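> Counting from 8, one number per residue, gives the positions in the sequence shown under the numbering used here.
Ideal Cβ positions, reconstructed from N, Cα and C, are used throughout, including at glycine.
Keep in mind the model is a prediction, meaning the values are calculated, not measured.
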Amino acid sequence: MPESMQARRARQCRIATGQHAMLSIYKETNMTGIISDRSNAIYIKNVSHKGRGVFANIPFKNGDLIDRSPTWGFGNVEATQFDNTGLFEYYFVRPSKFAQQPMVGYVVFGFISIVNHSSRPNARIAWADEDTGTWASIIALKDIKVGDEITHQYSNISDYPKTIKFVE
């Protein structure tokens, strides 16, 4: 028997008010054209002295796709404006293309923008240019256990103001 709308909403509220917020496990049966659905694989929680972080809700093996998100690319004019705002800490540079293209940076939508830096990361960013635009994926560099924080190595760390301290 299909779950009633009221029962589904009640369950979603219980999930959202738990120890960490995560999307409902309920899936529509007619989900067509899905590009990416990682709704129960990762979650965000506060980390002492770091702010927010992304954590594994399921185990990942080396090479697994953890998350995939669309991006919005921008050039020098926007970068100059963003560098003086809080958005600076959330945009990405794409090292392999940095010298070759007019796009200076990318805003990555989704959980990837909240993944913290580590000099010993357990994940990496992979970029893909597709018909639908540029996409960023975060890929496991090693096995990641449930509850582990997902981290990657920031490529533009030298551009950050000296007042920002990175915590391992």
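1. Glycine 112 bridges to which residues according to DSSP?
2. Helix, strand or coil for alanine 48? Go by DSSP, reduced to three states.
3. Which first and last residues belong to the beta strand (DSSP E) in which histidine 159 is found?
4. Using only alpha-carbon positions, find the residue among Asn64, Asp71, Thr78 that is nearest to aspartate 136.
5. In this structure, does DSSP put isoleucine 145 in helix, strand or coil?
6. In three-state terms, what does DSSP make of isoleucine 73?
7. How would you write the range of the beta strand (DSSP E) that arginine 127 sits in, first residue to last?
8. Let me know the secondary structure DSSP gives isoleucine 65 once reduced to three states.
9. Measure the alpha-carbon distance for glycine 140 versus proline 66 and round it to whole angstroms.
10. Roughly how many whole angstroms lie between the Cα atoms of arginine 75 and glycine 154?
11. Below 8 Å between beta carbons: does that hold for isoleucine 157 and isoleucine 146?
12. I need the straight-line Cα distance from serine 120 to valine 114, nearest angstrom please.
On the basis of the data shown:
1. Position 105 of the sequence shown holds residue 112. Paired residue(s): Phe81.
2. In the sequence shown, residue 48 corresponds to position 41, counting from 1. Alanine 48: coil per DSSP, three-state reduction.
3. Residue numbering aside, residue 159 sits at position 152 when the sequence shown is read from its first letter. Looking at the DSSP string, the run of the beta strand (DSSP E) that includes histidine 159 is 156-159.
4. Stepping through the sequence shown from its first residue, residue 136 is reached at position 129. Of the listed residues, the one whose Cα sits closest to aspartate 136 is Thr78.
5. The residue labelled residue 145 in the question sits at position 138 within the sequence shown. Three-state result, isoleucine 145: strand.
6. Taking the sequence shown and counting its residues from 1, one reaches residue 73 at position 66. Here isoleucine 73 sits in strand by DSSP.
7. Along the sequence shown, read from residue 1 onward, the residue named residue 127 stands at position 120. Per DSSP, arginine 127 belongs to no beta strand (DSSP E) and is neither H nor E.
8. Position 58 of the sequence shown, counting from 1, holds the residue named residue 65. Isoleucine 65: coil per DSSP, three-state reduction.
9. Working through the sequence shown from its first residue, we reach residue 140 at position 133. Working through the sequence shown from its first residue, we reach residue 66 at position 59. Those two C-alpha atoms are separated by around 29 Å.
10. Numbered from 1 along the sequence shown, position 68 holds the residue referred to as residue 75. Numbered from 1 along the sequence shown, position 147 holds the residue referred to as residue 154. Roughly 20 Å separates the two Cα atoms.
11. Numbered from 1 along the sequence shown, position 150 holds the residue referred to as residue 157. Numbered from 1 along the sequence shown, position 139 holds the residue referred to as residue 146. Their beta carbons are not under 8 Å apart, which means isoleucine 157 does not touch isoleucine 146 by this criterion.
12. In the sequence shown, the residue the question calls residue 120 occupies position 113. In the sequence shown, the residue the question calls residue 114 occupies position 107. About 8 Å.
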